[in-house]
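Numbering (our numbering), first residue to last: 6 to 356.
Quick reminder that beta carbons are idealized off the backbone N, C-alpha and C, glycines included.
This report concerns only the one structure given below.
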């Protein structure tokens, strides 16, 4: 896949580290559509890379590109214990010879979260436990300063890779999805995506807006509002557009249109990030019956919103941006040191 942004707006002059294998497929999920009584199309972001599928890869193309341009020698990033962003960052950065430091906060235990953390640890991330997410900015700043003094030229990547640079991956994906809909002559009632750290949803909104798309984008919340409020998403959209327009004034000023396209579904969060919900579990099982794999933290909650709206006849035709992160582990998967095992919060029925 070429650099869609820089091919269309050559004045941008941005560095992109190519990680995505090619345009991800958009296809009609026939059996699941019949089960739900709607026409459901799936944008297969889970197939973004044979090394590691999911939405993290598109963001890392731009983040690692900027790190390369700045001659970084190490990466500092943050997330929860079972963060797929941290795992993906570790996989791709270590392949490029970069040292990776991950500051991680507790989250509810699940087998999926523990497996992700074990993979992250096995791939060579240096893990620093942090008691609470509000302490992350301070701890990250201190670690960056320490690494800089050691001559390790650190590059800081925020949670989920969700800043104006990382979100460029989903500006491209939004443009790509706009082309997909034109090719399929498809005008859905809504496009659905999980809302975690905000970069995927904000970037998609900008990419769809610049493509002239007017289909509502419904971002299904999986993280609490205290972590990511609507105002922060709107600011990120504005920052993305400003960043691009500063570099090439021909990039359209679509910030207001992008904000109008994006709405947040608040109904599927449950007790909080990583906590299971009955509706998400039901959605996961329905999808699995029809050959679609979901995860309980992100994509099952987004699918739960689609199931709910299909039953109320609020939608008849939809696109699900399937951001599932998955990796084929290679080599030995290490056991976790005791401090990491003990850092998980016991979920209901666990421990």
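Closest by C-alpha distance to residue i, when choosing among the options
i, options, result
"residue 101", "118, 84, 128", "128"
"residue 175", "160, 43, 206", "206"
"residue 258", "338, 242, 301", "242"
"residue 20", "114, 171, 95", "171"
"residue 275", "234, 302, 293, 40", "302"
"residue 109", "40, 58, 267, 136", "136"
"residue 209", "234, 189, 177", "177"
Residue i and residue j closer than 8 Å at C-beta
i, j, result
"residue 73", "residue 22", "yes"
"residue 197", "residue 162", "no"
"residue 211", "residue 179", "yes"
"residue 273", "residue 263", "no"
"residue 195", "residue 306", "no"
"residue 43", "residue 324", "no"
"residue 45", "residue 37", "yes"
"residue 69", "residue 252", "no"
"residue 312", "residue 291", "yes"
"residue 326", "residue 50", "yes"
"residue 345", "residue 132", "yes"
"residue 189", "residue 9", "no"
C-alpha gap between residue i and residue j, whole angstroms
i, j, result
"residue 348", "residue 56", "28 Å"
"residue 134", "residue 343", "12 Å"
"residue 332", "residue 120", "11 Å"
"residue 250", "residue 230", "29 Å"
"residue 354", "residue 140", "Only weak support is given to the placement of residue 354: the predicted model assigns it a pLDDT of 44, under 50, and the value that follows is read from those uncertain coordinates. Looking at the two C-alpha atoms, the distance is approximately 29 Å."
"residue 225", "residue 330", "17 Å"
"residue 191", "residue 25", "24 Å"
"residue 90", "residue 278", "15 Å"
"residue 201", "residue 227", "6 Å"
"residue 123", "residue 95", "12 Å"
"residue 54", "residue 148", "30 Å"
"residue 356", "residue 183", "Any reading at residue 356 is ruled out, since the residue's pLDDT is 35, under 50, leaving its predicted position unreliable."
"residue 150", "residue 106", "13 Å"
"residue 167", "residue 204", "4 Å"
"residue 288", "residue 296", "12 Å"
"residue 78", "residue 117", "30 Å"
"residue 256", "residue 115", "43 Å"
"residue 351", "residue 113", "6 Å"
"residue 61", "residue 293", "23 Å"
Which residues DSSP lists as bridging residue i, in chain order
i, result
"residue 197", "223, 325"
"residue 46", "33, 324"
"residue 302", "Note: residue 302 sits in no beta bridge, so no partner."
"residue 160", "80"
"residue 332", "57"
"residue 187", "Answer by DSSP bridge pairing: none, since residue 187 is not bridged."
"residue 350", "113"
Contact with chain B by residue i, beta-carbon distance below 8 Å
i, result
"residue 322", "Among the chains in the structure shown there is no chain B, since it carries only a single protein chain."
> Which residue spans inside the segment 112–157 form an unbroken beta strand (DSSP E) run of at least 3?
Replying inline: 131–134
> Unbroken alpha helix (DSSP H) runs of length 4 or more, entirely within the segment 52–109: which are they?
Replying inline: 61–74, 89–100
>> Which runs of the alpha helix (DSSP H) at least 4 residues long sit entirely within the segment 217–297? Give them in chain order.
In response: 235–252, 260–266, 283–294
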